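At the far end of the sequence shown sits residue 750, using the numbering used here, and the numbering has no gaps. Just so you know, even glycine gets a beta-carbon here, dropped at the ideal spot from N, CA and C. The model shown is predicted, which means the values in this text are computed figures rather than measured ones. One structure is given here, and the rest of the page talks about it.
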Amino acid sequence: MCGIVGYIGKEQAAPILLDGLSRLEYRGYDSAGIAVCTAGGFLQVAKSKGRLQVLSDKIGGGEDVRGTIGIGHTRWATHGEPNDVNSHPHLSQDEKIAVIHNGIIENYVEIKEFLIAEGVRFVSETDTEVVAQLLAFYYNECGDFFEAVGRVLRRIEGAYALGMMCADHPDMIITARKDAPLLLGFGDGANYIASDATALLPYTRDVVYMEDGEIAVLTRESITIYNAMQQVIEKEHSHIDWEVSAAEKGGYAHFMFKEIMEQPEALRKAISPRLRGGRIVFDDVSLTARQLRHIERIYIVACGSSYHVGMVGKYNLERLMRKSVEVCLASEFRYSDPLVDDKTLVIVISQSGETLDTMAALREAKSLGARVLSIVNVVGSSIARESDDVLYTYAGPEIAVATTKAYSTQLAVLNMLGLYFADMLGSVSKEEYEAIVKGLEALPTQVEETLASCEDIQKFAASYFNHDSVFFIGRNLDYTLGLEGSLKLKEISYIHSEAYASGELKHGTISLIEQGTLVIALGTYGALFDKAMSNVVEVKSRGADVLALTTQSHRAEMEKTVENVLVVPDTHPVLQPSLGVVPLQLFAYYVALHRGCDIDKPRNLAKSVTVE
Ligand code: M6R
């Protein structure tokens, strides 16, 4: 979704803004722009539809726009088509105010009508231009930039992270947030704003996350933060410890491939600190055994791949804890009148920690009295900040839109949590506890082994990339694995793909299987292997071209029926999807590569979905 960067300091602003925006490209966008305030108090704006490079070329890499204070934006069109005019920054009619905005101003029509009646001429179709024009209107009324911002914020409704400049104040950026991510970066003689810490990695690690209703005034020397009542407040600073290189490709052709390859290391970081002397230790969970016993209902709430992690979690947590677990899509949860009260634990899963649907579900759950525990990758993100307990996944920055290492670390942490809770409740035997812990210890190395044997996957991708429809089938945990394999494939290769619980085939889907249909049969769940095989035979006898995935111990059995077989090492059943997902990620990657797709930035998708 949209990205925001702002800089005020002693260097030329434009190259810093372009660099910051380039670090936000992964979020997805369709146009980009910057506004720089010149020493003479003149707002110079450059913007273009398309890739950031187009904008950069237009302004000589930033050289043609001179000034040491500026704001920049990558736009994901919501109101008005992607074009030069609709891209941000937006200027007021008198060209005194420049605004960048993430989010949606819900009452923009009413405000626009009001301003038009006051003689204001609009040039774009966006909701954001309304903010720029309204700010200029109030500024002309009161002559005070800060006061005018306050008036605007009291008038607008909706979600926003705003960066605002005024030509009369060439030494100030004002920023404000409500329901859209925004952070402040503290530098030496320079200060920053950004929608995402990744943008600031080369410049500062010292940040403050803004909360809803807060406003900040940045000068070169200081940042003053105000609450919604416009009282000055002090806020805790956070340190970003991500390496700059973690957000760069480092010789890989694609971030997705790099992130797939980073999984062993990411898993080590997620698992090792929480395993001590053969026991799972969660210093970051404050929920006590007494409180856990009091919990009557558990929900797991998330979107996309994080939801698929939740699907695996449902099977595993129920198995280990002997408690019923509901998995809910965040976008459905809050509109489904969920059965949530103070005896409910809601486990929220999100890589970005900013997904709007998930955030809204979290707030709904809290308002109904639930306790919220989140599994989040981005430290300090909104979901992390609003949860009662947070378990970070420590996967480092994930840039590719298609999640891989975040999925794997979320899954590892959720499985560990299930085992930790099961131990608290006394619902897991000592033997099973120890077997899973052993499996967790071995997992990063087993993922490494799986990654090292990927030649077959390339070969299969080369022979299957021309299919236009694929079915993933599997039972129990293999069904949940299929959901993720299918999403990976469709989102980056644009091949129609669906995941079915194998037992459901005969209830409808099997009518779609004909000569040559590609079926990816998942047979890694040992307990139901024979049943999975019956379904393989079933689809084969209708002409399906089957590619199978199984474990070492079932390889020989699978090869009796299926010619093309991918194999992963054996582990404890609850951890098997953590290995099974790796070949599916690689398969999707290589298929997309053969099809010439824009792997890291698939069409119509954004990394962090901050609109409903
Ligand atoms: O940041 P989140 O984990 O909350 O994101 C949820 C989904 O948007 C995300 O998993 C999406 O489905 C990915 N593109 C899948 O690869």
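Rounded C-alpha distance that separates residue i from residue j
{"i": "Gly144", "j": "His605", "result": "45 Å"}
{"i": "Lys373", "j": "Ser262", "result": "37 Å"}
{"i": "Leu660", "j": "Leu717", "result": "12 Å"}
{"i": "Phe559", "j": "Met459", "result": "7 Å"}
{"i": "Asp306", "j": "Gly179", "result": "6 Å"}
{"i": "Phe324", "j": "Asp379", "result": "15 Å"}
{"i": "Arg213", "j": "Asp421", "result": "40 Å"}
{"i": "Val450", "j": "Leu494", "result": "23 Å"}
{"i": "Asp479", "j": "Gly507", "result": "5 Å"}
{"i": "Tyr330", "j": "Leu405", "result": "32 Å"}
{"i": "Ser565", "j": "Gly577", "result": "19 Å"}
{"i": "Thr357", "j": "Val247", "result": "33 Å"}
{"i": "Ser601", "j": "Thr266", "result": "48 Å"}
{"i": "Glu219", "j": "Met139", "result": "15 Å"}
{"i": "Leu529", "j": "Ala498", "result": "19 Å"}
{"i": "Leu467", "j": "Ala337", "result": "30 Å"}
{"i": "Lys543", "j": "Gly257", "result": "53 Å"}
{"i": "Val237", "j": "Gly171", "result": "11 Å"}
{"i": "Glu629", "j": "Ile146", "result": "38 Å"}
{"i": "Ser607", "j": "Asn365", "result": "52 Å"}
{"i": "Phe603", "j": "Leu656", "result": "10 Å"}
{"i": "Thr176", "j": "Met303", "result": "12 Å"}
{"i": "Lys148", "j": "Leu500", "result": "41 Å"}
{"i": "Pro707", "j": "Ala440", "result": "29 Å"}
{"i": "Ala328", "j": "Glu359", "result": "7 Å"}
Top-ranked residue by Cα proximity to residue i, from the options
{"i": "Ser469", "options": "Gly166, Ala503, Arg460", "result": "Ala503"}
{"i": "Arg289", "options": "Tyr277, Tyr246, His239, Leu162", "result": "Tyr277"}
{"i": "Glu579", "options": "Tyr602, Val551, Phe603, Ile595", "result": "Val551"}
{"i": "Tyr727", "options": "Leu713, Leu627, Ser691", "result": "Leu627"}
{"i": "Glu349", "options": "Glu244, Ser525, Ser520", "result": "Ser520"}
{"i": "Gly210", "options": "His228, Val223, Gly218", "result": "His228"}
{"i": "Asn614", "options": "Leu413, Glu267, Pro715", "result": "Pro715"}
{"i": "Tyr571", "options": "Arg417, Phe393, Ile361, Gln271", "result": "Arg417"}
{"i": "His732", "options": "Lys597, Leu625, Pro707", "result": "Lys597"}
{"i": "Tyr473", "options": "Thr496, Gln489, Glu492", "result": "Thr496"}
{"i": "Leu321", "options": "Ala184, Ile361, Val287", "result": "Ile361"}
{"i": "Glu352", "options": "Thr313, Glu381, Tyr638, Val677", "result": "Thr313"}
{"i": "Asn245", "options": "His692, Leu155, Val463, Val269", "result": "Val269"}
{"i": "Ser631", "options": "Ala215, Ala540, Gly301", "result": "Ala540"}
{"i": "Val684", "options": "Val465, Ile409, Ile658", "result": "Ile658"}
{"i": "Ser160", "options": "Cys175, Val174, Thr176, Gly199", "result": "Gly199"}
{"i": "Thr689", "options": "Glu676, Gly448, Leu704", "result": "Leu704"}
{"i": "Gly532", "options": "Ser490, Leu455, Thr426", "result": "One point to set straight first is that residue 532 is Tyr, not Gly, in the sequence displayed. When only C-alpha atoms are compared, the closest one is Ser490."}
{"i": "Arg693", "options": "His634, Asn673, Tyr663, Phe471", "result": "Tyr663"}
{"i": "Asp511", "options": "Asp594, Ala639, Thr426", "result": "According to the sequence as given, residue 511 is Leu; it is not Asp. Comparing Cα positions, the closest option is Thr426."}
{"i": "Ile537", "options": "His392, Met671, Leu666, Leu625", "result": "His392"}
{"i": "Ser635", "options": "Leu643, Gly620, Pro411, Gln653", "result": "Gly620"}
Rounded distance between the beta-carbons of residue j and residue i, thought under 8 Å
{"i": "Glu622", "j": "Leu722", "result": "7 Å"}
{"i": "Ser271", "j": "Phe283", "result": "Inspection of the sequence shows that residue 271 is occupied by Gln rather than by Ser. That pair is no contact at about 15 Å."}
{"i": "Arg292", "j": "Ala744", "result": "30 Å between Cβ atoms; not a contact."}
{"i": "Ser591", "j": "Val719", "result": "Incorrect: roughly 15 Å between the Cβ atoms, too far for contact."}
{"i": "Leu413", "j": "Leu581", "result": "Their Cβ separation, rounded to whole angstroms, is 11 Å, which puts Leu413 and Leu581 out of contact at 8 Å."}
{"i": "Lys452", "j": "Ile438", "result": "6 Å"}
{"i": "Asp222", "j": "Ser186", "result": "6 Å"}
{"i": "Glu773", "j": "Thr748", "result": "The requested residue 773 is not part of the displayed model; the chain covers only 139 to 750."}
{"i": "His446", "j": "Ala573", "result": "That belief does not hold up - the Cβ atoms of His446 and Ala573 are roughly 24 Å apart, past 8 Å."}
{"i": "Ile363", "j": "Leu724", "result": "That belief does not hold up - the Cβ atoms of Ile363 and Leu724 are roughly 45 Å apart, past 8 Å."}
{"i": "Ala384", "j": "Pro535", "result": "5 Å"}
{"i": "Ser424", "j": "Asp527", "result": "6 Å"}
{"i": "Gly734", "j": "Ala670", "result": "Between Ala670 and Gly734 the Cβ distance is about 34 Å, and since that is not below 8 Å, they are no contact."}
The ligand GDP heavy atom lying under 7 Å from the CB of residue i
{"i": "Ala637", "result": "The ligand GDP is absent from the structure shown, which contains only the ligand M6R."}
Pairing CB atoms from the segment 249 to 258 with CB atoms from the segment 179 to 198, are three or more of them under 8 Å? By the Cβ criterion, the segment 249 to 258 is not in contact with the segment 179 to 198, since fewer than three pairs of Cβ atoms, one from each stretch, lie closer than 8 Å.
How about the segment 688 to 702 and the segment 643 to 657: do they share at least three Cβ pairs that are nearer than 8 Å? no
>> For the structure I just gave you, are there three or more beta carbon pairs, one from the segment 481 to 490 and one from the segment 579 to 595, closer than 8 Å?
In response: no
Note to self: With three or more C-beta pairs closer than 8 Å as the rule, is the segment 722 to 742 touching the segment 231 to 238?
What the structure shows: They do not touch, by the three-pair rule.
Next on the checklist: When you compare the segment 291 to 299 with the segment 311 to 324, are there three or more beta-carbon pairs, one atom per stretch, that lie closer than 8 Å?
Outcome noted: Flag = yes, the segment 291 to 299 and the segment 311 to 324 touch.
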